[in-house]
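In full-length UniProt numbering, the protein residues as written are 1 to 104.
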């Protein structure tokens with residue numbers, strides 16, 4: 001969960017002003033794209049049988065699942081993206097309407 005103003009009160013963080021706190025709002029920025037779809041999905045396949053090692057995730061990348069089969073690890077993550085580099089992550093930026101899960 002995020003606390004945008006760092007005051008330890010999650011209920012007053014409402015980026016789009018719709019009176020629904022971000023933690024309960026499926027579209028934090030009100031741009032019509034669900035927040036979950038504004039997170040870029042990533043997948044890593046690591047074959048430990050040939051000495052591959054697990055990746056170091058970016059600070060804004062989070063593991064959501066993993067599986068292992070015969071030494072091959074599949075790691076699924078989501079990455080928080082700021083596609084226009086304005087300092088505001090896409091899921092909070094109502095001017096960005098990229099759906100990273102479209103067509104998947």
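Virtual Cβ for every residue (Gly too), placed ideally from N, Cα, C. None of these values were measured; they are calculated from a predicted model.
Setting aside the 5 residues that flank it on each side, residue 2 is surrounded in the same chain by 13 and 22, each with a C-beta closer than 7 Å to its C-beta; the list follows chain order.
Contact annotation, residue 26 with residue 35: C-beta distance approximately 6 Å; criterion of less than 8 Å satisfied. Setting aside the 5 residues that flank it on each side, residue 10 is surrounded in the same chain by 1, 2, 3, 21, 22 and 23, each with a C-beta closer than 8 Å to its C-beta; the list follows chain order. When the alpha-carbon of residue 77 is set against those of 60, 71, 85 and 32, the nearest one is in 60. About 6 Å separates the beta carbons of residue 39 and residue 80, which is inside the 8 Å limit, making them a contact pair. In the three-state scheme derived from DSSP, where H, G and I count as helix and E and B as strand, residue 34 is classed as coil.
Annotation: the continuous beta strand (DSSP E) that includes residue 39 extends over 39-47.
Leaving aside the five residues that flank residue 92 on each side, the residues in its chain whose CB is nearer than 7 Å to its CB run, in chain order, 15, 28 and 29. A distance below 9 Å separates the beta carbons of residue 31 and residue 97.
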